[in-house]
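Below is one structure, written out as structure tokens; comments come after it.
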Amino acid sequence: MHVYIEDIGKYEGREVTVKGWLYNKRSSGKIRFILIRDGTGIIQSVIAEGDVDDSVFEVADRITQESSVILNGTVRKDERAPGGYEIVAESIEIVQAAQDYPITPKEHSIEYLLPLRHLWLRSKKQNSIMHIRHELIKACRDFLDGRGFINADTPILTPASVEGTTTLFPVDYYGDKVYLAQSGQLYNEATIGALGKVYCFGPTFRAEKSKTRRHLTEFWMLEPEVAFLDLDGVMKLAEEMILYVIGQILEKRGNDLKTLERDTAKLTRIKKPFPRITYREAVDIIKKKDKKFEYGEDFGAPHETIISESFDKPVFIHHYPAGIKAFYMKRDPKDESLSLSVDMIGPEGIGELIGGGQREDDYDILLERVRENKLPEGAYQWYLDLRKYGTCPHSGFGLGIERAIAWICGIKHVRETIPFPRMLERVYP
Ligand code: 4AD
Ligand code: MG
Numbered sequence: 015m016h017v018y019i020e021d022i023g024k025y026e027g028r029e030v031t032v033k034g035w036l037y038n039k040r041s042s043g044k045i046r047f048i049l050i051r052d053g054t055g056i057i058q059s060v061i062a063e064g065d066v067d068d069s070v071f072e073v074a075d076r077i078t079q080e081s082s083v084i085l086n087g088t089v090r091k092d093e094r095a096p097g098g099y100e101i102v103a104e105s106i107e108i109v110q111a112a113q114d115y116p117i118t119p120k121e122h123s124i125e126y127l128l129p130l131r132h133l134w135l136r137s138k139k140q141n142s143i144m145h146i147r148h149e150l151i152k153a154c155r156d157f158l159d160g161r162g163f164i165n166a167d168t169p170i171l172t173p174a175s176v177e178g179t180t181t182l183f184p185v186d187y188y189g190d191k192v193y194l195a196q197s198g199q200l201y202n203e204a205t206i207g208a209l210g211k212v213y214c215f216g217p218t219f220r221a222e223k224s225k226t227r228r229h230l231t232e233f234w235m236l237e238p239e240v241a242f243l244d245l246d247g248v249m250k251l252a253e254e255m256i257l258y259v260i261g262q263i264l265e266k267r268g269n270d271l272k273t274l275e276r277d278t279a280k281l282t283r284i285k286k287p288f289p290r291i292t293y294r295e296a297v298d299i300i301k302k303k304d305k306k307f308e309y310g311e312d313f314g315a316p317h318e319t320i321i322s323e324s325f326d327k328p329v330f331i332h333h334y335p336a337g338i339k340a341f342y343m344k345r346d347p348k349d350e351s352l353s354l355s356v357d358m359i360g361p362e363g364i365g366e367l368i369g370g371g372q373r374e375d376d377y378d379i380l381l382e383r384v385r386e387n388k389l390p391e392g393a394y395q396w397y398l399d400l401r402k403y404g405t406c407p408h409s410g411f412g413l414g415i416e417r418a419i420a421w422i423c424g425i426k427h428v429r430e431t432i433p434f435p436r437m438l439e440r441v442y443p
């Protein structure tokens with residue numbers, strides 16, 4: 015019977031078939047140990063000379079790394095085996111013999127591995143990161159679904175910018191110019207009018223000129239948006255979502271976190287409330303370490319790192335100067351120079367995980383902002399319409415999935431958090 019390696023413990027004493035790839039092998043006298051992986055786990059199989067047909071032993075000797083194989087044998091409990099079980103092999107069939115697999119079990123440089131990403135994904139650590147990615151996305155969706163949010167996906171080919179015009183990827187659309195979506199937010203603001211509370215989840219694109227460990231040109235974003243929600247409400251929502259996600263990953267992907275040698279104490283101790291500080295308070299923290307920083311400037315990567323390292327949990331920074339935030343941010347009625355914006359900065363130097371806030375809901379003011387920002391009015395007509403037909407206070411945020419994964423996995427660079435990273439200098443494989 016074909017079984018998956020993650021379920022092997024249920025088949026103790028029984029004969030099973032596993033189908034997968036040769037991960038590694040070693041020999042000790044008249045015994046061969048072969049490690050087979052099938053995507054769900056790795057299992058050790060023991061082949062002892064004399065116990066099996068000579069031809070089976072000969073296959074075990076000949077089999078090479080990453081050859082595809084089908085193996086039959088009996089499951090045996092063994093404390094010494096990685097995972098606690100092993101298979102006493104009775105037969106092995108090589109489906110295809112791989113020659114000279116380029117990623118040998120030794121250490122390789124990132125420059126060597128990136129062009130081999132299609133194969134690198136098979137390694138143990140990368141496998142764990144992908145499992146955590148899957149769990150994180152599932153947890154975000156479960157959290158929102160559990161609260162009655164509707165997933166209403168937003169277009170990728172769009173006529174207008176959301177987050178500034180400098181990072182747009184233009185696409186020729188039958189002779190017209192459209193852009194790859196930077197965010198689904200503007201469309202979320204439309205779907206809340208139909209559905210109340212929504213989220214979109216999909217790939218977003220930024221023609222980032224910067225080569226940093228936090229930037230991809232194609233990344234995935236989860237964006238909830240809620241009608242009749244204010245800035246405080248959106249912080250609460252983000253806080254609860256992050257806590258839920260951490261809890262789920264700690265509960266369900268403990269083995270993967272172990273493979274990644276993640277110090278999970280840093281995650282378990284995260285409890286609410288997350289600190290909430292104003293932009294002004296954040297500037298005071300930054301100025302202690304970087305005297306040159308001036309009030310009114312946007313935070314760059316080094317400033318985010320200073321904040322990130324000053325707290326052992328995620329921290330909200332709100333009320334940024336309006337001038338450094340997007341055109342759609344609502345202004346603080348008490349101080350027009352400030353916006354009702356909020357970013358969540360993650361701990362351990364990871365930087366900004368979430369960006370969001372309360373949106374401008376007044377037609378005339380929003381039109382003025384579109385004009386001030388020299389945005390093409392025609393492309394935003396539908397967006398302005400939303401302020402004409404039953405406008406209301408509303409808020410939302412976007413969580414950068416890759417940054418969240420990097421943080422939870424404890425890895426420095428976002429390039430390992432997505433199966434095929436797209437960066438300034440890389441669109442292959
Ligand atoms: O702060 P951003 O630009 O916010 C928005 O796009 C809003 N429209 C979202 C909303 O309110 N619905 O992006 C949100 C998050 C950032 O905090 C960051 O985690 C991630 O998206 N992000 C990136 N991740 C990887 N590579 C990039 N180039 C990223 N740019 C933003
Ligand atoms: Mg941002």
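Quick note on the working numbering: the sequence shown kicks off at 15 and runs consecutively.
Don't be surprised by glycine CBs; every beta carbon is placed ideally from N, CA and C.
Being a predicted model, the structure only gives us computed values, none of them experimental.
Could you give the first and the last residue of the continuous beta strand (DSSP E) run that contains K225? What you label residue 225 is simply residue 211 of the sequence shown in a count that begins at 1. Note, K225: premise wrong, no beta strand (DSSP E); not H, not E.
Any chance you could list the beta strand (DSSP E) runs of at least 3 consecutive residues sitting entirely within the stretch 244 to 310, in chain order? 290 to 292
Kindly examine the ligand MG and report whether one of its heavy atoms sits closer than 7 Å to the Cβ of G369. Position 355 of the sequence shown, counting from 1, holds the residue named residue 369. The answer is yes for G369.
Roughly how many whole angstroms lie between the Cα atoms of E222 and G87? Residue mapping note: residue 222 aligns to position 208 of the sequence shown, counting from 1. Residue mapping note: residue 87 aligns to position 73 of the sequence shown, counting from 1. Rounded to whole angstroms, E222 to G87 spans 52 Å at the Cα level.
Please state whether DSSP places P316 in a helix, a strand or coil. Within the sequence shown, residue 316 is the residue found at index 302, counting from 1. Helix, per DSSP.
Roughly how far, in whole angstroms, is the beta-carbon of R417 from the beta-carbon of I364, given that I think they are within contact range, below 8 Å? Within the sequence shown, the letter at position 403 stands for residue 417. Within the sequence shown, the letter at position 350 stands for residue 364. Contact flag correct, Cβ pair sits at about 6 Å.
With a 10 Å radius around its C-beta and 16 neighbouring C-beta atoms as the bar for buried, classify E78 as buried or exposed. Numbered from its first residue, the sequence shown carries residue 78 at position 64. First, the amino acid is wrong: residue 78 is Thr here, not Glu. Classification of T78: exposed, given that the 10 Å Cβ count is below 16.
Taking 7 Å as the cut-off, is the C-beta of D312 nearer than that to any heavy atom in the ligand MG? As a position in the sequence shown, residue 312 is number 298, starting the count at 1. Not so, every heavy atom of the ligand MG lies at least 7 Å from the Cβ.
Taking Cβ positions, are I84 and E107 nearer each other than 8 Å? As a position in the sequence shown, residue 84 is number 70, starting the count at 1. As a position in the sequence shown, residue 107 is number 93, starting the count at 1. Yes, Cβ-Cβ distance for I84 and E107 is below 8 Å.
Rounded C-alpha distance that separates Y293 from W421: Translated into positions along the sequence shown, residue 293 becomes position 279. Translated into positions along the sequence shown, residue 421 becomes position 407. Those two C-alpha atoms are separated by around 23 Å.
Using only the alpha-carbon positions, how far apart do D378 and F157 sit? Residue numbering aside, residue 378 sits at position 364 when the sequence shown is read from its first letter. Residue numbering aside, residue 157 sits at position 143 when the sequence shown is read from its first letter. Answer to the nearest angstrom: the Cα atoms are 36 Å apart.
So what does DSSP say about G27, is it helix, strand or coil? In the sequence shown, the residue the question calls residue 27 occupies position 13. It is coil, neither helix nor strand.
Taking its Cβ as the centre, do 16 or more other Cβ atoms sit within 10 Å of Q58, making it buried, or is it exposed? Locating residue 58 in the sequence shown gives position 44, where the first residue counts as 1. Q58 is buried by the Cβ-count criterion.
Cβ-heavy atom distance between E350 and the ligand MG below 7 Å? For the purposes of this step, residue 350 is identified with residue 336 of the sequence shown, where counting begins at 1. No.
DSSP three-state assignment for T32, whether helix, strand or coil: Against the sequence shown, residue 32 aligns to sequence position 18. The sequence shown places Val at residue 32, rather than the Thr named in the question. Looking at V32 - three-state DSSP - the assignment turns out to be strand.
Residues in its own chain within less than 7 Å of F219 by CB, not counting five upstream and five downstream? Position 205 of the sequence shown, counted from the first residue, corresponds to residue 219. Contacts found: F183, L194, A195, Q196, T231, E232.
Under the three-state reduction of DSSP, which class applies to P443: helix, strand or coil? Here residue 443 is taken as the residue at index 429 of the sequence shown, counted from 1. P443: coil per DSSP, three-state reduction.
So, is T282 buried or exposed, given that buried needs 16 or more other C-beta atoms within 10 angstroms? Residue mapping note: residue 282 aligns to position 268 of the sequence shown, counting from 1. Burial call: exposed.
Compute the Euclidean distance between the alpha carbons of D52 and Y18, then round it to the nearest angstrom. By one-based count along the sequence shown, residue 52 stands at place 38. By one-based count along the sequence shown, residue 18 stands at place 4. Spanning the two alpha carbons is a distance of roughly 7 Å.
For S81, I'd like the list of residues in its chain whose CB is within less than 8 Å of its CB, leaving aside the five on either flank, ordered along the chain. What you label residue 81 is simply residue 67 of the sequence shown in a count that begins at 1. Answer for S81: W35, L36, I108, V109, Q110, A111, A112, listed in chain order.
Using a Cβ distance threshold of 8 Å, determine whether the stretch 295 to 304 contacts the stretch 320 to 337, with at least three qualifying pairs required. yes
Ignore the nearest five residues each way along the sequence and tell me which others in V70's own chain have a CB closer than 8 Å to its CB. Numbered from 1 along the sequence shown, position 56 holds the residue referred to as residue 70. Excluding residues within five positions, the ones whose Cβ falls inside 8 Å are I61, A103, E104, S105, I106.
Note down the Cα distance separating V185 from V32, rounded to an integer number of angstroms. Working through the sequence shown from its first residue, we reach residue 185 at position 171. Working through the sequence shown from its first residue, we reach residue 32 at position 18. Distance between the alpha carbons of V185 and V32 is about 46 Å.
At what residues does the alpha helix (DSSP H) containing T452 begin and finish? There is simply no residue 452 to check, as the chain begins at 15 and stops at 443 in what is shown.
Could you tell me which whole alpha helix (DSSP H) segments of length 4 or greater appear in the stretch 41 to 110? 68 to 76
DSSP on M343, reduced to helix/strand/coil? As a first step, residue 343 must be located in the sequence shown, where it is residue number 329. Three-state DSSP puts M343 in a strand.
Heavy atom of the ligand MG less than 7 Å from the Cβ of E366, yes or no? Here residue 366 refers to the residue found at position 352 when the sequence shown is read from its first residue. True, at least one ligand heavy atom lies under 7 Å from that Cβ.
From K306 to S142, what distance separates their C-alpha atoms? Numbered from its first residue, the sequence shown carries residue 306 at position 292. Numbered from its first residue, the sequence shown carries residue 142 at position 128. Taking the straight line joining both Cα atoms gives about 41 Å.
So, with DSSP's three-state summary, where would you put E374? Mapped onto the sequence shown, residue 374 falls at position 360. Reduced to three states, the DSSP call for E374 is coil.
C-alpha gap between L135 and L127, whole angstroms: Here residue 135 refers to the residue found at position 121 when the sequence shown is read from its first residue. Here residue 127 refers to the residue found at position 113 when the sequence shown is read from its first residue. Computed Cα separation, rounded: 10 Å.
Return the bridge partner residues of S353 from the DSSP annotation. Working through the sequence shown from its first residue, we reach residue 353 at position 339. Note: S353 sits in a beta bridge opposite R345.
If you compare alpha carbons, which of G261, I151, A252 is closest to A279? Taking the first residue of the sequence shown as 1, we reach residue 279 at position 265. Per the Cα distances, G261.
Considering Cα atoms alone, identify which of Y213, E253, P217 is closest to A241. Here residue 241 corresponds to residue number 227 of the sequence shown, with the count starting at 1. The option with the nearest alpha carbon to A241 is Y213.
Ordered along the chain, which non-local residues of its own chain (more than five positions away) have a Cβ less than 8 Å from that of H408? The residue you call residue 408 lines up with position 394 of the sequence shown. Excluding residues within five positions, the ones whose Cβ falls inside 8 Å are E203, I206, E239, V240, A241, F242, L243, Q372, R373, D375.
Spatial neighbours of R46 in its chain, beta-carbon cut-off 6 Å, leaving aside the 5 residues before and after: Along the sequence shown, read from residue 1 onward, the residue named residue 46 stands at position 32. Within the same chain, R46 has close Cβ partners I61, A74.
Pair within 8 Å by beta-carbon distance, P361 and P328: Locating residue 361 in the sequence shown gives position 347, counting from the first residue. Locating residue 328 in the sequence shown gives position 314, counting from the first residue. Yes, Cβ-Cβ distance for P361 and P328 is below 8 Å.
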